[in-house]
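Asker: Here the protein sequences come in this chain order: A and B.
No gaps in the numbering here: position 164 of the first sequence is 164 in my numbering, and each next residue is one more.
No gaps in the numbering here: position 213 of the second sequence is 213 in my numbering, and each next residue is one more.
From the three backbone atoms N, C-alpha and C, an ideal C-beta is built for every residue, glycine too.
Since we're looking at a predicted model, the values are computed, not measured.
Protein chains: 2
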Amino acid sequence: MEPAGAFEPPAETHPVPAEAHHPPDHHPDTRERLLQAAERLFAARGLRGTTVRDVTREAGTNLAAVNYHFGTKDGLALEVFRRRITPINEERLHRLRVAEERAGGGPVPVEELVRGLLEPALLLDEEEDPVLPGLLSRFAHESHPELLEQMRAQLREVLHPYLAAFRRSLPALDPTELRLRIHFLAGAMIHTVSHLGWLDLSGVPGEPPPERRAVLEALVRFCTDGFQAGPSGTLHPTPQREPGA
Amino acid sequence: MEPAGAFEPPAETHPVPAEAHHPPDHHPDTRERLLQAAERLFAARGLRGTTVRDVTREAGTNLAAVNYHFGTKDGLALEVFRRRITPINEERLHRLRVAEERAGGGPVPVEELVRGLLEPALLLDEEEDPVLPGLLSRFAHESHPELLEQMRAQLREVLHPYLAAFRRSLPALDPTELRLRIHFLAGAMIHTVSHLGWLDLSGVPGEPPPERRAVLEALVRFCTDGFQAGPSGTLHPTPQREPGA
DNA sequence: GTCTATAACTTGATAGAC
DNA sequence: GTCTATCAAGTTATAGAC
Numbered sequence: 001m002e003p004a005g006a007f008e009p010p011a012e013t014h015p016v017p018a019e020a021h022h023p024p025d026h027h028p029d030t031r032e033r034l035l036q037a038a039e040r041l042f043a044a045r046g047l048r049g050t051t052v053r054d055v056t057r058e059a060g061t062n063l064a065a066v067n068y069h070f071g072t073k074d075g076l077a078l079e080v081f082r083r084r085i086t087p088i089n090e091e092r093l094h095r096l097r098v099a100e101e102r103a104g105g106g107p108v109p110v111e112e113l114v115r116g117l118l119e120p121a122l123l124l125d126e127e128e129d130p131v132l133p134g135l136l137s138r139f140a141h142e143s144h145p146e147l148l149e150q151m152r153a154q155l156r157e158v159l160h161p162y163l164a165a166f167r168r169s170l171p172a173l174d175p176t177e178l179r180l181r182i183h184f185l186a187g188a189m190i191h192t193v194s195h196l197g198w199l200d201l202s203g204v205p206g207e208p209p210p211e212r213r214a215v216l217e218a219l220v221r222f223c224t225d226g227f228q229a230g231p232s233g234t235l236h237p238t239p240q241r242e243p244g245a
Numbered sequence: 001m002e003p004a005g006a007f008e009p010p011a012e013t014h015p016v017p018a019e020a021h022h023p024p025d026h027h028p029d030t031r032e033r034l035l036q037a038a039e040r041l042f043a044a045r046g047l048r049g050t051t052v053r054d055v056t057r058e059a060g061t062n063l064a065a066v067n068y069h070f071g072t073k074d075g076l077a078l079e080v081f082r083r084r085i086t087p088i089n090e091e092r093l094h095r096l097r098v099a100e101e102r103a104g105g106g107p108v109p110v111e112e113l114v115r116g117l118l119e120p121a122l123l124l125d126e127e128e129d130p131v132l133p134g135l136l137s138r139f140a141h142e143s144h145p146e147l148l149e150q151m152r153a154q155l156r157e158v159l160h161p162y163l164a165a166f167r168r169s170l171p172a173l174d175p176t177e178l179r180l181r182i183h184f185l186a187g188a189m190i191h192t193v194s195h196l197g198w199l200d201l202s203g204v205p206g207e208p209p210p211e212r213r214a215v216l217e218a219l220v221r222f223c224t225d226g227f228q229a230g231p232s233g234t235l236h237p238t239p240q241r242e243p244g245a
């Protein structure tokens, strides 16, 4: 009984030289087509809302193809995730490094940090129709535990250095509040971009949707000023509804 | 063939006086228990992630109970939605009216508008363990078309008057950008509150999670200043990556 | 109103021919 | 590597006894 190695044909466990023969992979694309179909469908209908049958139909392949190439449906999802999310996070870290060099030890302007987090996610797949934001949202909101752990691990690697940078740029801000604000930024980005998905703008049938660049700029502006707001601690203690009048 | 009326036993189609006999409803709670179990599970695992079996098991009732009381699983979801989301939106409108009266024709302070949108969603079920934010998120992100339409319709009724109020308070802001900012607020709220769900704070194992009140205040601060930010239109034209160096 | 039993269907995954 | 055929498990919903 050795079905363990049955799937994972392009098992690049060892650092095979990049130009080496792909293992007898005549059709250069069937695995690729699966990935592309999957990311489209996952973004549009969610993980649980997409069946393996949907994916193989959309990819024009056989039902068994997903299991052959990725073992399980979750395996496919994990690969889709890695392929699309990893480059975003690398770009985020790259931009942070560049910004910090440019600042030469001093604090990095808040807007640059905000852009460093937002732009890679929103502009990295500019040529194609943007499936990435939708994917981000789906993964964030309905991942299985394993996938979620992957996400969290990657996110930690990005957020840790960004948190440090923010802290240097906003030294007066309480660390917990800073952390919360990063979540606000993430939420604003993910929600805006997936839900209203560059598509509609909350029911104004006449107007065309704003261009993604405009959405990005608006988001940057909103978040930058949000980050630079004073601390909330002693803010107006909430005008509660009066019981009597 | 009259199975059409089989479900919907408390069919309150007509404006029955509130204290009228519930139709032979000895057990005061089985329907109620279903609703409570459903909203807990929906909030925790999502709509598609929750099966009718889960709900009935959690409620301690029979598998057929859901179909008897609500017709279909979607019918149950719709009722859960109405029960919990409708009061939020009514409270939002109420707060807006109060704020506008208080302002007496003048512009309402932006912070009051922000609070009017956020507080009802985040504080309305303060006594119980807060299931509401999770529900909001689930409904927003994985609703079936019918439910989504319900949501959108309700949301329109809330957003329309709020948009008008914001416009009076921020007359210099482009209407499209204003609309976007409302989406940012919604996203920040929903994401923060569901994903980090008053529960964990992005992987800092030592610290306790911030209290919901603190989260709310931080969110209010962030969004208020975000709303009051200048227009993004002519903002820094984005330092693109230099091709050469 | 509540239950058991089951129908009708969809899902992910696999075995085995080619 | 790709296919067809099929399985086992899980799903919603319903019929009909109580």
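1. From the beta carbon of Val-131 of chain B, is the nearest beta carbon of chain A less than 9 Å away?
2. Under 9 Å, Cβ to Cβ, is there at least one residue of chain A near Glu-142 of chain B?
3. Along the alpha helix (DSSP H) that carries Arg-131 of chain B, what are the first and last residues, could you check?
4. Please work out which residues of its chain come closer than 7 Å, Cβ to Cβ, to Arg-92 of chain A, disregarding the five sequence neighbours upstream and downstream, and give them in chain order.
5. Which same chain residues end up closer than 6 Å to Leu-76 of chain A when comparing Cβ atoms and leaving out the 5 residues on each side of it in sequence?
6. Have a look at Tyr-162 of chain B and Glu-100 of chain B and give me their C-alpha separation to the nearest angstrom.
7. Can you tell me whether His-171 of chain B is buried or exposed, with buried defined as 16 or more other CB within 10 angstroms of its CB?
8. Can you find a CB in chain A that lies within less than 9 Å of the CB of Val-55 of chain B?
9. Helix, strand or coil: how does DSSP classify Ala-172 of chain A here?
10. Going by C-alpha to C-alpha distance, which of B:Arg-97, B:Gly-134, B:Leu-78 sits closest to Leu-35 of chain B?
11. Got a sec: is the Cβ-Cβ distance from Ala-188 of chain A to anything in chain B below 9 Å?
12. If you reduce the DSSP assignment to three classes, tell me which class Gly-233 of chain B lands in.
13. With three or more beta-carbon pairs closer than 8 Å as the criterion, would you say the region 172 to 183 of chain B touches the region 105 to 112 of chain B?
14. Applying the criterion that 16 or more other CB atoms from any shown protein chain within 10 Å of the CB defines a buried residue, is Gly-230 of chain A buried or exposed?
15. By the three-class DSSP mapping on this structure, what secondary structure does His-94 of chain B have?
16. Using CA atoms only, rank isn't needed, just tell me which of A:Gly-226, A:Ile-88, A:Arg-97 is closest to Ala-165 of chain A.
17. Of the residues B:His-94, B:Val-193, B:Pro-107, which one's Cα is nearest the Cα of Leu-136 of chain B?
18. Taking only the alpha-carbon atoms, compute the straight-line gap between Val-220 of chain A and Leu-219 of chain B and give it to the nearest angstrom.
19. Given a cut-off of 9 Å on the beta-carbon distance, is the pair Leu-123 of chain B and Arg-48 of chain B in contact?
20. So which residues of chain B does Glu-100 of chain A contact, with C-beta pairs closer than 9 Å?
21. Which of the three DSSP states, helix, strand or coil, is assigned to Asp-225 of chain B?
22. With DSSP run on the structure shown, which of helix, strand or coil describes Asn-62 of chain A?
23. Report the residues of the region 148 to 177 of chain A with a CB closer than 8 Å to any CB of chain B, ordered along the chain.
24. If the cut is a Cβ gap below 9 Å, which residues of chain A does Pro-210 of chain B touch?
25. Apply the 10 Å Cβ neighbour rule to Pro-145 of chain B and answer buried if 16 or more other Cβ atoms are within range, or exposed otherwise.
26. What residues in its chain sit with their C-beta under 7 Å from that of Ile-190 of chain B, if we drop five residues either side in the sequence?
27. Short check: CB of Val-52 of chain B to CB of Leu-63 of chain B, under 9 Å?
28. Just checking: is the beta-carbon of Leu-124 of chain A within a distance shorter than 9 Å of some beta-carbon in chain B?
29. Using only CA atoms, which one of A:Ala-43, A:Phe-227, A:Pro-107 lies nearest to Val-131 of chain A?
30. Taking just the CA atoms, how far does Thr-30 of chain B sit from Asp-54 of chain B?
31. What do you reckon, are the CB atoms on Ile-181 of chain A and Gly-226 of chain A nearer than 9 Å?
32. Suppose the cutoff is 8 Å on Cβ atoms and the five residues either side in sequence are ignored; what does the same chain contact list for Phe-222 of chain A look like?
33. Leaving out five residues before and five after Pro-107 of chain A in sequence, what residues of the same chain have Cβ atoms less than 7 Å from its Cβ?
34. What in chain B is Cβ-close to Gly-46 of chain A, meaning under 7 Å?
35. Checking contacts by CB at 9 Å: is Gly-233 of chain B closer than that to chain A?
36. Considering Gln-114 of chain A, what are the terminal residues of the alpha helix (DSSP H) in which it resides?
Answerer: According to the structure data:
1. It does not: the Cβ of Val-131 of chain B has no partner Cβ on chain A nearer than 9 Å.
2. Yes, contact with chain A.
3. Note on identity: in this sequence residue 131 of chain B is Val, with Arg being the wrong assignment. Element bounds for Val-131 of chain B: n/a, residue is neither H nor E.
4. The residues Gly-116, Leu-117, Pro-120, Val-158, in chain order, have a CB closer than 7 Å to that of Arg-92 of chain A in the same chain once the five nearest residues on each side in sequence are set aside.
5. So the qualifying residues of the chain are Ala-38, Val-66, Phe-70.
6. Taking the straight line from one Cα to the other gives about 11 Å.
7. Reading off the sequence shown, one finds Pro at residue 171 of chain B, where the question assumed His. Pro-171 of chain B is exposed by the Cβ-count criterion.
8. With its beta carbon at least 9 Å from every one in chain A, Val-55 of chain B lies outside the interface.
9. Ala-172 of chain A falls in the coil class under three-state DSSP.
10. The candidate whose alpha carbon is nearest that of Leu-35 of chain B is B:Leu-78.
11. Chain B, which has a Cβ nearer than 9 Å to the Cβ of Ala-188 of chain A, makes this yes.
12. Three-state DSSP puts Gly-233 of chain B in coil, outside helix and strand.
13. No, the region 172 to 183 of chain B does not touch the region 105 to 112 of chain B.
14. Exposed, by the Cβ-count rule.
15. In the displayed model, His-94 of chain B falls within a helix according to three-state DSSP.
16. Cα-wise, what sits closest to Ala-165 of chain A is A:Arg-97.
17. Selected option, being the one with the closest Cα: B:Val-193.
18. So the two alpha carbons sit approximately 16 Å from each other.
19. In terms of Cβ geometry, Leu-123 of chain B and Arg-48 of chain B do not form a close pair [threshold 9 Å].
20. In chain order: nothing, as chain B lies at least about 14 Å away.
21. Assignment of Asp-225 of chain B by DSSP, reduced to helix, strand and coil, places it in the helix class.
22. Note: Asn-62 of chain A maps to coil in three-state DSSP.
23. Of all residues in the region 148 to 177 of chain A, the ones placed with a Cβ closer than 8 Å to any Cβ belonging to chain B are Arg-152, Leu-155, Arg-156, Leu-159, Thr-176, Glu-177, in chain order.
24. Chain A residues near Pro-210 of chain B: Thr-176, Glu-177, Arg-179, Leu-180.
25. Exposed is the label assigned to Pro-145 of chain B, since fewer than 16 other Cβ atoms lie within 10 Å of its Cβ.
26. So the list reads Leu-136, Ser-137, Ala-140, once near-sequence residues are dropped.
27. Contact: yes.
28. No, Leu-124 of chain A lies away from the interface with chain B (no Cβ there is under 9 Å from its Cβ).
29. Checking every option, the nearest Cα to that of Val-131 of chain A belongs to A:Ala-43.
30. Cα to Cα, Asp-54 of chain B sits roughly 15 Å from Thr-30 of chain B.
31. In the sequence as displayed, the identity of residue 181 of chain A is Arg instead of Ile. A contact, by the Cβ cut-off of 9 Å.
32. Here the set comprises Ala-188.
33. So the qualifying residues of the chain are Arg-168, Ser-169.
34. The answer, in chain order, is Glu-142.
35. Yes - at least one Cβ of chain A is within 9 Å of the one on Gly-233 of chain B.
36. Note that residue 114 of chain A corresponds to Val in the displayed sequence, not to Gln. Where Val-114 of chain A is concerned, the enclosing alpha helix (DSSP H) stretches over 110 to 123.
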